[in-house]
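As given, the protein sequences belong to chains D and C, one line each in that order.
Under the working numbering, the first residue of the first sequence carries the number 43, and numbering increases by one thereafter.
Under the working numbering, the first residue of the second sequence carries the number 43, and numbering increases by one thereafter.
Just so it is clear, CB atoms sit at the ideal spot from N, CA and C, and this is done for glycine as well.
Number of protein chains: 2
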Amino acid sequence: MSTRKTTRPRKRGRPVEFDREAALDAALETFWRRGYGNASLDELTTAMNINRPSLYGAFGNKEQLYAASVDHYVAKIGASYLAPLTEPKLADALNGFFDAMIDGVTGKHGPRGCIVACTMPAEAGVSPLAQAQLAAVLDQIDGAWIARLGSAQAAGEIAKRRDPRALGQLVASGMLALSIRARTGAKKRTLRAIADEIVAAVFAP
Amino acid sequence: MSTRKTTRPRKRGRPVEFDREAALDAALETFWRRGYGNASLDELTTAMNINRPSLYGAFGNKEQLYAASVDHYVAKIGASYLAPLTEPKLADALNGFFDAMIDGVTGKHGPRGCIVACTMPAEAGVSPLAQAQLAAVLDQIDGAWIARLGSAQAAGEIAKRRDPRALGQLVASGMLALSIRARTGAKKRTLRAIADEIVAAVFAP
DNA sequence: CGTATTATGTACCGATTGGTACATTACTGA
DNA sequence: TCAGTAATGTACCAATCGGTACATAATACG
């Protein structure tokens with residue numbers, strides 16, 4: 043018998059008519075701009091261009107749609123901010139990260155600020171699910187920078203006495219703070235000046 | 043004729059029965075913990091122990107009550123964080139600020155985090171009033187630190203080549219980020235380690 | 001074909017929302 | 001003592017909220 047992939051049963055019933063990714067993009071933009079509580083299902087379904095039963099069928103409920111939107115943001119936009127971490131020189135990684143991030147939070151890909159820093163903390167006080175998700179996202183960003191700074195330290199780019207953990211959390215903290223500042227309309231130059239101080243702090247002896 | 047203060051007419055009508063400050067404390071605690079949208083008027087009036095008409099008579103409406111609660115927070119708790127700025131030595135000012143702030147955002151005076159960093163950014167995307175208030179509060183904290191670092195620089199405590207403006211905004215940014223981290227349950231030691239890096243950055247050459 | 005299955009569109013649900021009308025109560029001033 | 005004034009308590013409002021029942025439409029299977 044020829045080795046055959048387990049015949050996955052084809053999809054029954056009426057096919058989904060909307061593009062799940064496009065719908066998530068629209069939901070993300072809505073939650074990002076208005077926060078969780080200020081985004082109503084009417085707004086969401088209008089922006090996503092689907093009706094309520096389709097939304098509930100595809101995403102569960104409003105809370106789960108919000109969580110999916112945040113995941114979508116992290117995977118799509120957050121990941122693009124972290125892409126410069128693969129730069130061989132630490133200075134390039136840091137500057138590339140802050141440049142990309144500042145472009146992003148000043149409106150390049152959507153509303154000003156970042157959905158994580160600007161909308162999740164408010165929900166974290168009410169929803170354990172949101173609190174856990176926020177903690178997980180922060181851990182992920184911290185972890186990425188801690189690892190990157192650890193190898194930079196091994197390569198002799200930063201002083202041996204520095205603590206990669208605290209420095210990684212400092213860099214990630216910069217992202218949170220700049221995101222909030224951008225929400226009120228802060229200019230790129232202002233944000234970049236703050237980022238410069240953080241970069242300098244990483245390279246201090 | 044003896045110079046007399048313009049006779050202020052005494053208060054007419056039934057006197058107010060609640061303590062405005064205590065009511066504001068309760069409103070602040072509610073908004074702080076649950077954010078603006080998740081705090082209903084039923085919750086607010088119950089926490090404040092007043093009825094709706096009294097709330098509207100004294101504070102206008104929900105949005106204005108929120109703004110007043112934030113002002114109350116800034117004047118009461120925010121000011122206590124900034125009190126160490128009067129320390130003669132800059133290091134004492136910085137460490138006193140971060141110690142007080144970390145105690146605060148980890149729950150000493152109320153819910154974890156700070157109402158400014160954790161609940162205002164979400165509203166700033168919807169309400170121009172909230173956005174302007176958030177910008178004003180950030181300006182105030184930035185300004186306090188910029189002034190303090192300016193005089194520290196004049197006193198030779200930090201290097202002449204450093205930029206007090208960027209450094210002041212860096213310190214204030216630390217407050218924002220630590221506040222968000224505290225919201226998810228981060229421990230004091232973690233927050234203090236990040237603060238230490240910021241303090242070190244201020245004193246770098 | 002017919003049947004099973006799944007998505008869509010409409011129309012609706014009870015609950016909750018922010019906000020207010022109105023009668024009552026407690027005070028000041030003449 | 002009585003009129004004027006302002007806060008309180010109750011009870012209510014229209015609007016909106018998140019979520020769903022139900023009939024219809026579109027597919028796969030046999």
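Asked	Found
Within-9 angstroms CB hit, C:E239 to chain D	yes
Chain C residues whose Cβ lies nearer than 9 angstroms to that of D:L180	I222, R223, T226, A228
Any 3 or more C-beta pairs closer than 8 angstroms across the stretch 54 to 74 of chain D and the stretch 100 to 117 of chain D	yes
Coil, strand or helix - D:A246 by DSSP	coil
Element boundaries [alpha helix (DSSP H), containing D:N103]	Note, D:N103: premise wrong, no alpha helix (DSSP H); not H, not E.
Beta-carbon proximity list for D:Q195, same chain, < 6 angstroms, skipping 5 on both sides	P206
Chain C residues whose Cβ lies nearer than 9 angstroms to that of D:A133	Ordered by position in chain C, no residue passes the 9 angstroms Cβ test against D:A133, which lies about 16 angstroms from the chain.
The stretch 213 to 230 of chain C in contact with the stretch 178 to 185 of chain C per 3-pair CB rule at 8 angstroms	yes
Contacts that C:G152 makes with chain D (C-beta to C-beta distance below 9 angstroms)	Neighbours of C:G152 on chain D: none; closest Cβ ~11 angstroms, over 9 angstroms.
Local Cβ density within 10 Å of D:E59, reported as buried at 16 or more and exposed below that	exposed
Within 9 angstroms, strictly: CB atoms of D:G77 and C:G79	yes
Alpha helix (DSSP H) segment containing C:A125, residue limits	First-last for C:A125: undefined, no H or E at that position.
Within chain D, the residues that C:S215 reaches when beta carbons sit closer than 8 angstroms	S215, G216, A219, L220, R223, I236
Coarse secondary structure for C:N137, derived from DSSP in three states	helix
DSSP-derived helix/strand/coil call for D:T232	helix
C:P170: first and last residue of the uninterrupted alpha helix (DSSP H) it sits in	170 to 196
Same chain, Cβ closer than 6 angstroms to D:A68, five either side skipped, listed in chain order	A89, M90
Cβ-based contacts, 9 angstroms cut-off: residues of the stretch 81 to 110 of chain D near chain C	none
Selection of the stretch 180 to 211 of chain D by Cβ proximity to chain C, strictly under 8 angstroms	L180, D205, R207, A208, L209, Q211
Contact check, D:R75 vs C:G198, beta carbons under 9 angstroms	no
Span of the alpha helix (DSSP H), counted from its first residue to its last, around C:F73	62 to 76
Pairwise C-alpha distance: D:M143 and D:S122	9 angstroms
Cβ-Cβ distance between C:Q211 and D:I236 below 9 angstroms	yes
Short CB-CB distance (under 9 angstroms) between D:T148 and chain C	no
D:P247 classed as buried or exposed, judged by whether at least 16 other C-beta atoms fall within 10 angstroms	exposed
Cutoff 9 angstroms: D:E129 Cβ touching any chain C Cβ	no
D:S132 versus C:F73 - alpha carbon distance	The amino acid occupying residue 132 of chain D in the given sequence is Leu; Ser does not appear at that position. So the two alpha carbons sit approximately 41 angstroms from each other.
Rounded distance between the beta-carbons of D:N137 and D:V241, thought under 8 angstroms	6 angstroms
CB-CB length for D:V147 against D:V179, believed under 8 angstroms	D:V147 to D:V179, Cβ: 15 angstroms. No contact.
C:S82 burial status per 10 Å Cβ neighbour count (16 or more: buried)	exposed
Range covered by the alpha helix (DSSP H) that runs through D:R204	Per DSSP, D:R204 belongs to no alpha helix (DSSP H) and is neither H nor E.
Positions along the stretch 54 to 81 of chain C whose CB lies within less than 7 angstroms of some CB in chain D	R75, R76, G77, G79, N80
Chain C within 9 angstroms of D:P126, Cβ atoms only	no
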